[in-house]
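Undergrad: Chains as they are written, first to last, in our numbering: chain A, 1 to 112; chain B, 1 to 464; chain C, 1 to 247; chain D, 1 to 485.
Before anything else, here's the structure in question.
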Amino acid sequence: MLPISYGTAIIVFCIGLYTILSKRNLFKTVIGLSLMEGGVLMLITSSGYVPGGVPALLPFAGGEPVNPLPHSFTLTAIVIGAADVALALAFIIKIHRRYGTVDIDKIRGLRG
Amino acid sequence: MTRPDSLSLIMIALALFMTVASSLFAGAKGKEAFWRDLAPLWLFCLFACLTALASTWLSFIIGLELSTLSLFTVIRRGDEATSRLYLLAQLSGASVLLFATALGSSFGGNLPLGPVSEKLFPLFVIGLGVKAALPGLHFWLPRTHSQAPTESSALLSGYAVKMGIYGLLRLVDGPSPPLLLLGIVMALYGVVQALLQHDAKRLLAYHTISQLGFIVAALSTGTPLGRTAALFHVVAHALFKGLLFLSAGSLEKLYGSRDLNQLGRAGRDAPLLFGLFLVGASAIAGCPFTSGYAAKIVIKSALADQGQAVLGLQLAGLGTTLSFCKFGCYGFFRSLGNKKGGSPSGSPGKNAYAAMGLLALATIFLGITPLFLPLLPLGAKALLAPQALVDGLIPLVGGAALFALFPRLFRPRQGDVADVENALVPAGRLLLRPLAFLRRSHTGRLRTYIALIVAALIAIFHSL
Amino acid sequence: MKSPRNLQRLGALALSLALGWWLWQGVTISPFQGITGPAARYIHGTARDTGAANVVAAILFDYRGFDTLGEASVIYTTVCGVALLFAKRRYRRSSHGLSFIVKRSMALLVPFILLYASSIIVMGHLSPGGGFQGGSVMATVTILFCVIYGSSFEAARVSPKVKETIESSGALLFVLIGLVGLVTGGAFLTNIAAGFPRGTMGQLFSGGTIPLLNIAVGMKVGAGLSTLFYSMVKILEDPTESSPPEV
Amino acid sequence: MNPVLAIVAPFLAAFTIPLFFVFRKRWIGSSIVLFGILSALLSLFVAAGGERAVVMGGWNPEVGITLVVDSLSTAFLILAALGFSASLSAATEAFGYGPWRFYVLFFLSWAATNGIILTGDLFNLFVFFEIFSVAAYLVVAYPPRSWQAIEAGFKYLIFGTVGALFLLIGIAYAFMATGQLNMAILARVLPRAPETTLSVVIGCLVVGLFIKSGTVPGHFWLPDAHSSAQTPVSALLSGVFVKVSLYALIRLTFLLFGNADGRVFFVLLLFGTVTLCLGHLMAFQQEDIKRLLAYSTVAQVGTIVIAIGCASAGGIAAAVYHAFNHMAAKMGLFLVAGVLAEDRASRDIAQMRGLFRHRPLFVLAFCLFAASIAGIPPLNGFMSKWFLLVAAAERGALIPAAAVVAGTVLSAAYYLRAITAFFSPAETEPPHLRPHPVTGAIVMLLALLGLVLALAPYIDPLREGLLAVGSDTSSGARYIGRVLQ
């Protein structure tokens, strides 16, 4: 069970990376970033897995609770990721104003 | 800082004397000129003294670089690009030296100024060699000496390059055949190049290289006699080369040119100048009873067991005579260019004569004293020995005879002679091509950049 | 033109797979031997230490409350920055919203949405939920307003300044609660030990500072996210600028 | 004094400035200045308060979040306080108090910087890195009307986010292998993790920090961001932001992977050398003066990474010393370059002729800073380079040491190009001449700081302090003992 969960997480991460590396649309780049982040968060959450665990809400009804620590920092990381994505989108709007395109290969005003 | 020994004291005295002469020649009037002209010279003197007092290689390097910087500000007034070449060349040398010093140091203690381990020796020689103009590393010297303002040329040739020699003197404590070879090559190469020059200061610059070759050859023996000979020649060369540079500078002041093709009237217009020049020229040619003669005799006796080396030095001496015959002839007497010419524009000035007179007196003094006082380990007698006199006269007479026999051969030519410095620009261009590629590779494509990062990450995984 | 594109894709694929392979190599799956380390302390000590029923909330707001301050500050930074990027004196009126029926039913729904959001915030220490989640739900009200009534109406109801005030005071509240712990001689963000009542577990008033911090974060996130959305929507609607990007 | 105050004070500033804007507009200016002074003073007090570790919420270190003040963080706290105050003063002169949101971001980045420096918890480090980065993207993108700034900010954002993700993976793997987040505890248990896991942790954390600090291959954002940002921001980026990431690199490599048979240090040496060479070679080809300075920063980052890679107490001392020297010199260079570029209304070096007659003091200060960066003795840059060379020689890292030495010549060459332009006569008078009293004063203070730093090896307390930073950090035992006492 656990290997599948880890594997999925890594696959999601790789899909995100592939998206960033191969897509030219800026929005897709941001989607790729979100996917990568999703992959990492899945990885973290998986590490808190306890066989037959119950939610970490007191009182624990019938069994051992799952590890609550990964949950808490997944929550934190989600919020941070959301902030990043929001900021990236805001930047894209601004960039589109200047360049009239969202093609990442055409936004090359600064180089060398 | 250790107690200064006699070597340091002699170097300090030399630095002070040379700076006095140079600043006398520069002769700044007014406050602004003082700050612009004289302050850098005296700063140089200060740092040169600090270098001579240094007790560790690190403080030696610090002094070296600071003195380089202060001379840089003087040379800037002569020619911008040359000053940059000078600074960068000196910095490279100091950097190699710094690298070598760091290899020898530890947090426990700095490397003391003195002999170093076998492995570091070549690095130190390269580092000091840039300063002392060893063959191949001399690329900066002719151009710098010829383009710099005269007073700084005199200081450069008179003292700055000697700081490299001072370092070598501290470094070498045993016989070093490669260094001997380098010295001989230097002496000969400098002379050959000097014979082909038509720019007076450039000619003198090549003679600096050649004379430094004598010094390097002497100190490479590692014997006390060799070291003393080297030190004596350091002082002697500083004095007469300073004198020669100042007289070349005075010629330039008088006629507005340094080209031997354009000069040739000074013997009539300024006989005093010729007299002073003659003192310097006879000293550098090794005319008996001058400082150059004494120095060369001691050097030869230090190298007595190296027959070929002595032969090489004799050859170099012969070339020197030839070259100075040419300088004297075309610089002062035989005009090749506009025959009519005008009268000299302006005069070198009293202060210039005073500076040259000071150096000439010192040269004569240094030439005569060893004849009476046992200044040199050989003793005064050795200088007057017939064998020594013959040895000293051979290059002199030979050179003069050659010049008299083939006068057309030694006429100043037009155009420049190739040297390592001419290779600098093509080499730079060659190096710049991959650089441009590097710049083009920063394409601004985010995806490529991120791919590079991921590739680096994978490489790190592999290496861990 | 075709083949370099494909080559690029191939390269991208190869890099992704290589990285994925290494990540997979690095995963350690050891047989489960019970929870150890700090997690064990969280599970067994939450009731005693904090009085909160939701262990995750206890970690977020008490044990590791400092992380939460940082996390809320990230949102705060983003909001401030987006407002800075799109700094404009005056926005023009643009869309007029949807039909009357939609507007009316929205009006009916709003109180319930707000109530729901508040309950998520206030009950954060008892059940899944908390300041972030409740704040986000509250921010949806803004989004709905913008969609249904048009953004200018939304701005007229809740002015940006009010949002700014709520957001900043939420953040300030968080820091001040933290400082109370410092003043009473403990450490920053001390909860029960600083004299906050533990209450009875499972009750609304329990968990010491946790509900307060939830409310602070709720204010911060709710107002922040709505400012964020508002700033971005305004710039998209602004007719003086060029059209929004086509996705 | 509780270390948390150094983090809370700038946070308070960031949270109250909007309230002032809503209720008391007139107070914004004075509150910014006051909060700036308060934050700087509190940072310095915390730095002066000696070593200690406190846990947030009064828990034990395993459960709560620890803040640790040790000699390394003390040094960087002082660096941050100096850099931020200098940049703040320059910013108040350049922008006025108008864009209050800019100052909010400024204080947030200050809080985050202090947080990164003080925190003893791996995940908390990530959180603070995020605040810091988000604020950095935005201050780079200020003012929003400049398209270069926006593009640079966006690039920085993409890079920063990718870097943050790598950091997060590294933290996730470390957590997965041990279940711990406290760095002191991790230092004990992490070496017991399986080999491959450890290499993933090291690789991801190191590459994440490479991106954040601008080490090759993560340097691509740096020249864009540094050259496109406004002058006070560029100074801040080069002076402080880059150093903070390097602080994290020092801390994590020595604490967590210090005993992983040193392979991580080989990686650092390798990438540091590449960074150094690339930075110098790229700076050599720039026509834009701020871009030149930015690539020079890349090269200096490489220098510091090499110093870290020496894996010895001396190497750390050299890295910290060099970080200070680079802060003083590069901030000064950026401030002067900003003023001069404004006078000429161009950043092109070829256009900046004749500025010596125009602003002699600024140009002389530029020369001083440039000489210091290039490593001309006996300025501070030379001193730290010397320590670095000795450390590298002791480690036996000859090629990096040779690269550092060669870099000296190369950097002298490109700085000389700029200085030559300043001193050469101009055909036209500069069109602008606005007095910059505050910037001038800061430049003078930075020059003074540089001179004091040059004497640091001869001032006993400073030298002992530097060496103590090195010896405390290289073993990590003292840090662990402090946290888990």
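C-beta: ideal position from N, C-alpha, C; glycine also.
So, is the C-beta of C/N248 closer than 7 Å to a C-beta in chain A?
TA: Residue 248 of chain C cannot be examined here, being either before or after the span of chain C that is shown, 1 to 247.
Undergrad: To be precise: take each residue of the segment 19-35 of chain C, compare its Cβ to all Cβ atoms of chain B, and keep it if any distance is under 7 Å. Which residues remain?
TA: Hits within the stretch, in order: L19 and W22.
Undergrad: Starting from D/L67, trace the beta strand (DSSP E) in both directions and tell me its first and last residue.
TA: Note, D/L67: beta strand (DSSP E), T66 to V69.
Undergrad: How many angstroms separate the CA atom of D/V233 from the CA atom of D/A91?
TA: D/V233 and D/A91: Cα-Cα distance of roughly 8 Å.
Undergrad: Is it buried or exposed for C/L10, if we count other Cβ within 10 angstroms and need 16 for buried?
TA: By the neighbour-count rule (16 or more Cβ atoms within 10 Å), C/L10 is not buried but exposed.
Undergrad: At 8 Å on the CB atoms, spell out the chain B contacts of D/I158, in chain order.
TA: Chain B residues near D/I158: L446 and I450.
Undergrad: Return no unless some Cβ of chain D is closer than 7 Å to the Cβ of A/I93.
TA: Chain D, which has no Cβ nearer than 7 Å to the Cβ of A/I93, makes this no.
Undergrad: For B/D259 and B/S22, I'd like the C-alpha separation in whole angstroms.
TA: So the alpha carbons of these two residues sit roughly 22 Å apart.
Undergrad: If you draw a straight line from the alpha carbon of C/P245 to that of A/K94, how long is it in whole angstroms?
TA: For C/P245, the pLDDT reaches just 49, beneath the cut-off of 50, and the residue's location in the model is therefore unreliable, leaving the point undetermined.
Undergrad: Using 8 Å as the Cβ pair cut-off and three pairs as the minimum, do the segment 433-448 of chain D and the segment 293-308 of chain D touch?
TA: Output reads no: the segment 293-308 of chain D does not touch the segment 433-448 of chain D.
Undergrad: Is the Cβ-Cβ distance between A/L90 and C/V82 less than 7 Å?
TA: Note on residue identity: the sequence assigns Ala, not Leu, to residue 90 of chain A. Cβ atoms of A/A90 and C/V82: closer than 7 Å.
Undergrad: B/L336 and B/N261 - do their beta-carbons sit closer together than 7 Å?
TA: For B/N261 and B/L336, yes; Cβs fall inside 7 Å.
Undergrad: Hey, C/Q133 and C/I120: beta-carbon distance below 7 Å or not?
TA: Yes, the Cβ-Cβ distance between C/Q133 and C/I120 is below 7 Å.
Undergrad: Using a Cβ-Cβ cut-off of 7 Å, state whether B/I458 counts as contacting chain C.
TA: So yes, B/I458 belongs to the interface.
Undergrad: Going by C-alpha to C-alpha distance, which of B/L246, B/F121, B/Q197 and B/T228 sits closest to B/P149?
TA: If we check each option's Cα against that of B/P149, B/L246 comes out closest.
Undergrad: Across which residues does DSSP place A/N25 in a beta bridge pair?
TA: Answer by DSSP bridge pairing, in chain order: A/D103.
Undergrad: Since I believe D/L333 is in contact with D/I308 (beta carbons under 8 Å), could you give me their beta-carbon distance rounded to a whole number of angstroms?
TA: Not a contact, Cβ separation roughly 23 Å.
Undergrad: Who are the Cβ neighbours of D/E287 in its own chain at under 8 Å, not counting the five residues just before and after it?
TA: Correct list, in chain order: D348, I349 and A350.
Undergrad: With a threshold of 8 Å, are at least 3 pairs of Cβ atoms found where one atom belongs to the segment 171-182 of chain C and the other to the segment 33-46 of chain C?
TA: At 8 Å Cβ cutoff, the stretches do not touch.
Undergrad: Below 8 Å on the Cβ atoms is my contact criterion, and I expect D/S296 with D/I373 to pass it. Report the Cβ-Cβ distance as a whole number of Å.
TA: About 6 Å separates the two Cβ atoms, so the contact holds.
Undergrad: Could you tell me the boundaries of the alpha helix (DSSP H) in which D/V200 lies?
TA: Its alpha helix (DSSP H) spans residues E195 to S213.
Undergrad: Would C/N54 pass as a contact of C/H125 if the rule is Cβ separation under 7 Å?
TA: Yes, these two residues count as a Cβ contact at 7 Å.
Undergrad: Would you mind telling me which residues of chain D sit closer than 9 Å to C/L225, beta carbon to beta carbon, in chain order?
TA: Per Cβ cutoff of 9 Å: no residues; C/L225 is ~15 Å from chain D at best.
Undergrad: Tell me whether D/A13 is buried or exposed, calling it buried when 16 or more other Cβ atoms sit within 10 Å of its Cβ.
TA: With 16 or more other Cβ atoms within 10 Å, it is buried.
Undergrad: Relative to the C-alpha of D/F271, which candidate in D/F210, D/A225, D/S227 and D/R145 has its C-alpha closest?
TA: It is D/F210 whose Cα lies nearest to the Cα of D/F271.
Undergrad: Less than 7 Å separating the beta-carbons of D/R353 and D/A426?
TA: In contact: D/R353 and D/A426 (Cβ atoms closer than 7 Å).
Undergrad: Going by beta-carbon coordinates alone, are A/I104 and B/L446 separated by less than 7 Å?
TA: Contact flag set, yes.
Undergrad: Would you mind sorting D/S43 into buried or exposed? The rule is 16 or more other CB atoms within 10 Å of its CB.
TA: The residue in question, D/S43, is buried, as its Cβ has 16 or more Cβ neighbours within 10 Å.
Undergrad: Have a look at D/M497 and C/N214 and give me their C-alpha separation to the nearest angstrom.
TA: With chain D covering 1 to 485 only, the question about residue 497 of chain D has no answer from this structure.
Undergrad: Please go through the segment 19-92 of chain B and give each complete alpha helix (DSSP H) segment of 4 or more residues, from N-terminal end onward.
TA: The qualifying runs are 39-53 and 57-78.
Undergrad: Counting C-beta neighbours from all protein chains within 10 Å, is the total for D/D70 16 or more, i.e. buried, or is it exposed?
TA: That one is buried.
Undergrad: Take the Cβ of B/T51 as the centre, count every other Cβ of all protein chains shown within 10 Å, and call the residue buried at 16 or more, exposed below.
TA: Buried: at least 16 other Cβ atoms inside 10 Å.
Undergrad: Just confirm the distance between the C-beta atoms of B/P142 and B/R202, as a whole number of angstroms; I'd bet it's less than 8 Å.
TA: Contact holds; Cβ gap of about 5 Å.
Undergrad: State the start and end residues of the unbroken alpha helix (DSSP H) segment that holds A/V50.
TA: Neither: A/V50 is in no alpha helix (DSSP H) and is coded neither H nor E.
Undergrad: Please state the DSSP three-state secondary structure of D/L44.
TA: It is helical.
Undergrad: Are at least three pairs of beta-carbons, each pair with one atom in the segment 314-322 of chain B and one in the segment 393-413 of chain B, less than 8 Å apart?
TA: Enough Cβ pairs lie closer than 8 Å, so yes.
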